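A quick write-up on the structure given underneath.
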Amino acid sequence: MMSYYAKLAYLSICRTPVMSLLTVITLGIGIGVSMTTLSLFYMMSSNPLSHKNDVLYAVQLDSYGKNETNRRVANHIPAHMTYQDTAALRQSDIPLRQVTMFSYGMAVTPAEEQKNPYIAQVRVSTRDFFAMFDVPFLYGGVWSKAADESPENVVVIDFQTNEHLFNGRNSIGETMNLDGNLFTVIGVLEPWQIAIKVYDLNESDFEATESLFIPFSLAKTMEMLPWGNVLSWTNPPSNTYQGFLQSETIWLQHWAELPTAETKRQFEQFIENYIREQKTQGRFQKPLSYALSTPSQWIQINGVVSDDNRALVCLSLAFLVVCVVNALALIMAKFIRAASQVGVRRALGASQSAIFYQHLFESGAMGLVGGGLGLIMAQGGLMAIDSLFNGQFDSVAKMDLLMMIACIVFAILASLFAGCYPAWRIAHTSPVIHLKTQ
Amino acid sequence: MWEMKAILITLFRNRLGVALVIIQLALTLAIISNAVFVVLERNTLINRETGMPENELFGFNMLLTDASLNITTVIDEDLRLINAMPGVKAATPINTLPLAFSSSIMGFAREPNATHGSQPANKIYVNHNGMEALGVKLIAGRNFREDEMQYFKQRGQYANVAIVTKQYADRLFPDGGALNQTIYRHLHPIKIVGIAERNMGTSVVWSEAGSVIFFPQLELGSSTHYVVRTEPSQRAQITQEIENKLIASNKHRVIEALKGLDEYKRLSYTQDIAMIKILSVVIVMISVIAIMGSIGLTILRINQRRKQIGTRRALGATRLDIIRYYLLENVIVCLLGLFLGGVLSLGLNHFLVQYQHLQVISVNLIVVCASVFFLFSVVAVLWPALRAAQISPALATRSV
Numbered sequence: 001m002m003s004y005y006a007k008l009a010y011l012s013i014c015r016t017p018v019m020s021l022l023t024v025i026t027l028g029i030g031i032g033v034s035m036t037t038l039s040l041f042y043m044m045s046s047n048p049l050s051h052k053n054d055v056l057y058a059v060q061l062d063s064y065g066k067n068e069t070n071r072r073v074a075n076h077i078p079a080h081m082t083y084q085d086t087a088a089l090r091q092s093d094i095p096l097r098q099v100t101m102f103s104y105g106m107a108v109t110p111a112e113e114q115k116n117p118y119i120a121q122v123r124v125s126t127r128d129f130f131a132m133f134d135v136p137f138l139y140g141g142v143w144s145k146a147a148d149e150s151p152e153n154v155v156v157i158d159f160q161t162n163e164h165l166f167n168g169r170n171s172i173g174e175t176m177n178l179d180g181n182l183f184t185v186i187g188v189l190e191p192w193q194i195a196i197k198v199y200d201l202n203e204s205d206f207e208a209t210e211s212l213f214i215p216f217s218l219a220k221t222m223e224m225l226p227w228g229n230v231l232s233w234t235n236p237p238s239n240t241y242q243g244f245l246q247s248e249t250i251w252l253q254h255w256a257e258l259p260t261a262e263t264k265r266q267f268e269q270f271i272e273n274y275i276r277e278q279k280t281q282g283r284f285q286k287p288l289s290y291a292l293s294t295p296s297q298w299i300q301i302n303g304v305v306s307d308d309n310r311a312l313v314c315l316s317l318a319f320l321v322v323c324v325v326n327a328l329a330l331i332m333a334k335f336i337r338a339a340s341q342v343g344v345r346r347a348l349g350a351s352q353s354a355i356f357y358q359h360l361f362e363s364g365a366m367g368l369v370g371g372g373l374g375l376i377m378a379q380g381g382l383m384a385i386d387s388l389f390n391g392q393f394d395s396v397a398k399m400d401l402l403m404m405i406a407c408i409v410f411a412i413l414a415s416l417f418a419g420c421y422p423a424w425r426i427a428h429t430s431p432v433i434h435l436k437t438q
Numbered sequence: 439m440w441e442m443k444a445i446l447i448t449l450f451r452n453r454l455g456v457a458l459v460i461i462q463l464a465l466t467l468a469i470i471s472n473a474v475f476v477v478l479e480r481n482t483l484i485n486r487e488t489g490m491p492e493n494e495l496f497g498f499n500m501l502l503t504d505a506s507l508n509i510t511t512v513i514d515e516d517l518r519l520i521n522a523m524p525g526v527k528a529a530t531p532i533n534t535l536p537l538a539f540s541s542s543i544m545g546f547a548r549e550p551n552a553t554h555g556s557q558p559a560n561k562i563y564v565n566h567n568g569m570e571a572l573g574v575k576l577i578a579g580r581n582f583r584e585d586e587m588q589y590f591k592q593r594g595q596y597a598n599v600a601i602v603t604k605q606y607a608d609r610l611f612p613d614g615g616a617l618n619q620t621i622y623r624h625l626h627p628i629k630i631v632g633i634a635e636r637n638m639g640t641s642v643v644w645s646e647a648g649s650v651i652f653f654p655q656l657e658l659g660s661s662t663h664y665v666v667r668t669e670p671s672q673r674a675q676i677t678q679e680i681e682n683k684l685i686a687s688n689k690h691r692v693i694e695a696l697k698g699l700d701e702y703k704r705l706s707y708t709q710d711i712a713m714i715k716i717l718s719v720v721i722v723m724i725s726v727i728a729i730m731g732s733i734g735l736t737i738l739r740i741n742q743r744r745k746q747i748g749t750r751r752a753l754g755a756t757r758l759d760i761i762r763y764y765l766l767e768n769v770i771v772c773l774l775g776l777f778l779g780g781v782l783s784l785g786l787n788h789f790l791v792q793y794q795h796l797q798v799i800s801v802n803l804i805v806v807c808a809s810v811f812f813l814f815s816v817v818a819v820l821w822p823a824l825r826a827a828q829i830s831p832a833l834a835t836r837s838v
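Protein chains in written order, with the working numbering: chain A, 1 to 438; chain B, 439 to 838.
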């Protein structure tokens, strides 16, 4: 039966090429536009750390002043912490791992004269960063626990930096010049990219990962100031770097790995005790306020999917509705044109449901072609949007297999929906009308 | 009146088809009017006056790779070199680049150690040529003097004089008279020696953008930014040569992020510019689809009624009567559709205001969009109507 319907659909489309083309184009454009915004939305809300979603937590402590509210994150708790608070949290052995880190930049002077010095993005972090976020090493590994306490000039470099400075060889033990100081390479990463930079949603959500990683203990010795957000609601005790470290300035990001519900509860208890104890010293003036967020929660409360994205999704769905309504009208016109055929077939014994299914099949076939067109359009649309945003969306402006299949399925569903009523109408009109010598 | 009753009855008999057309018109209008509204709104945002001649300005960062170098000596050398280049009007070191996303915001007050009443300002550090380099126009007071320049090793310290924008002056002194007043950062007094007409500052998204305070100072460290003002026709040439010249004079540094301030502004507004472009494409596409659909449908309806038209012509209707009939029919359907569309536009806008922080649309805009749409549909139906008028009355006599 299916092959007969297919043949009928093909013949019918050939007989009304213009109408069919218009229908296919209408559906294609509608699907193309919707899939562009939907893919973007889907990729932006997908969680690249989903496999660790129940053990990793972004830690927030609200040490801000009584009358100050930091609204950048949806739970109105600042995303960063003070130096002393992160140090206190690192004292706890309840979490399996913890990491304190910030974003920085350093000037790299390559050994070879002909290569220009450049600024590299650096992550200054304690050693657990790599284990917690599953960052793969190609050569070497992370620095020792000792390096987290007493500073050592060591660096972990990413794959591209290794290619650029050391021609891709095993560069463990070699040195590089950062900000005028020599650092020893102790680790090289495999090519690593995550679609959404979950561990640092402060600047750009889809920014490339850092090129260099150095131990957190160096921050104090090199008097580093972060290249990210630095906020304070009150004065530091002095204008020196030491004063900065002792101040209420928030500038550090902190994550904890809590493998079980019990460890999470214990850590929460630890945090609450710490805050209460700090309150007796006049800090943490707000009522007890802290949060532990999983990566998916963190993505959501940091507003990775912006209002504009959501508005575009709504708009494109409305656009799709308009296209489906148009397609419905065009399909109706198409079927009525070929109605005399239907009359003959009904007279020869075709049942109403046979006519219905045959016409539905024809709509579905047009939907399939429209879906293909829409898929091409969506790919083009995503590339266009990425270039409009200057490549910011490189990591998310793409369609994975699920989205592509969804595109075709969506198109077929839309065409079936559009073709439903016309097929029903044509199947239920009396065949006599169409048999007259029109 | 004319054939109103006949038209309405015919429409009613084919109510599903007509309902379809009305819904389609309504949805299309709702989408188009809201899209146009957003485009206009964003456009206004982007075209806000920055107070700077962006096409004459460019900025870049400079980081020393040798931490032992004295940055003030380096900067003096650099400025000497830059100012000697033909086409350069002025140059200044600066703490952050204007219109380039990041900003430094601090609160200042009228009283020392004020517990409330302090107003936030975007703080910008320049040298005594700063106002000229940024193209800032002073409307009161004076520019900085060379001897007022101060150098600080530690953060959080401020010079004794400042120039503020009029917007910031009005925030601090709503009753006026800000010139020569003293404001405070905690206990530190700062005298306002000049008032600038306007300057957007370093961030375009800050809610108080335009509240700027300029200080004649430099923070000593291993990096700085520069802003250079040039003759607009020479800017491209200068930006080409300047990096090599600076590296040639001192190779212990990295020069990066060299861009014109107009390009930085465009980058800052990336989201809004993209939104405008995307919405414009959507508006065009949806209009094309709606008009294509409407022409197609009209042709279909006319084809279906060939016999009826032929009969009417045979009974004495003139060609003009036929054309008028179909135009009128289209006008009625259009008006119904656009009226419903207006209601839907308001509804959609209300939804967007609630959930997407849009502004409330003006009814005028909806009316304008509807009128344009109406015109287009009437014109679109003209050709099928003319074709219908050509139908021969002989059709009535055929047994078809």
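Even glycine gets a Cβ: it sits at the ideal position worked out from N, Cα and C.
These figures come from a predicted structure and were not determined experimentally.
Kindly indicate which three-state DSSP category residue i falls into: helix, strand or coil?
i	result
residue 424(A)	helix
residue 811(B)	helix
residue 183(A)	strand
residue 828(B)	coil
residue 822(B)	helix
residue 789(B)	helix
residue 566(B)	coil
residue 715(B)	helix
residue 404(A)	helix
residue 436(A)	coil
residue 668(B)	strand
residue 623(B)	strand
residue 234(A)	coil
residue 836(B)	coil
residue 693(B)	strand
Quick one, are the C-beta atoms of residue i and residue j less than 9 Å apart?
i	j	result
residue 359(A)	residue 431(A)	no
residue 250(A)	residue 723(B)	no
residue 632(B)	residue 666(B)	no
residue 472(B)	residue 786(B)	yes
residue 440(A)	residue 77(A)	A question about residue 440(A) goes unanswered here, because the residues of chain A that appear run from 1 up to 438.
residue 154(A)	residue 124(A)	no
residue 405(A)	residue 368(A)	no
residue 63(A)	residue 283(A)	yes
residue 684(B)	residue 572(B)	no
residue 257(A)	residue 52(A)	yes
residue 80(A)	residue 252(A)	yes
At a CB-CB cut-off below 8 Å, which residues of chain B make contact with residue i?
i	result
residue 26(A)	727, 730, 731
List the residues of chain B that residue i touches, going by C-beta distances under 7 Å, in chain order.
i	result
residue 180(A)	503, 504, 505
residue 117(A)	503, 692
residue 321(A)	465
residue 109(A)	503
residue 389(A)	708, 712
Starting from the beta carbon of residue i, find every residue of chain A whose beta carbon is closer than 7 Å, and list them in chain order.
i	result
residue 713(B)	308
residue 593(B)	239
residue 625(B)	Ordered by position in chain A, no residue passes the 7 Å Cβ test against residue 625(B), which lies about 10 Å from the chain.
residue 738(B)	333
Mind listing the chain A neighbours of residue i? Cutoff is C-beta to C-beta under 9 Å, in chain order.
i	result
residue 723(B)	29, 33, 319
Closer than 8 Å by beta-carbon distance: list the chain A residues that pair up with residue i, in chain order.
i	result
residue 734(B)	19, 22, 329, 330, 333
residue 462(B)	322, 325, 326, 329
residue 469(B)	315, 318, 319, 322
Please confirm whether any heavy atom of the ligand COA lies closer than 8 Å to the CB of residue i.
i	result
residue 305(A)	In terms of ligand content, the structure shown is empty, and the ligand COA therefore cannot be addressed.
*Flag this pair as touching only if the region 175 to 194 of chain A and the region 668 to 680 of chain B have three or more C-beta atom pairs under 8 Å; answer yes or no.*
no
*Contained beta strand (DSSP E) runs [length at least 3] in the region 45 to 122 of chain A, N- to C-terminal order*: The region 45 to 122 of chain A contains these whole beta strand (DSSP E) runs: 56 to 61, 97 to 109.
_Quick check for students: name the residue ranges of the alpha helix (DSSP H) that lie wholly in the region 280 to 314 of chain A, counting only runs of 4 or more._
You should have 295 to 301.
_Does the region 645 to 661 of chain B come into contact with the region 499 to 519 of chain B, if we say contact requires no fewer than three beta-carbon pairs (one atom in each stretch) closer than 8 Å?_
Verdict: yes, contact present.
*Do the region 112 to 122 of chain A and the region 288 to 301 of chain A make contact, defined as three or more Cβ pairs closer than 8 Å?*
no
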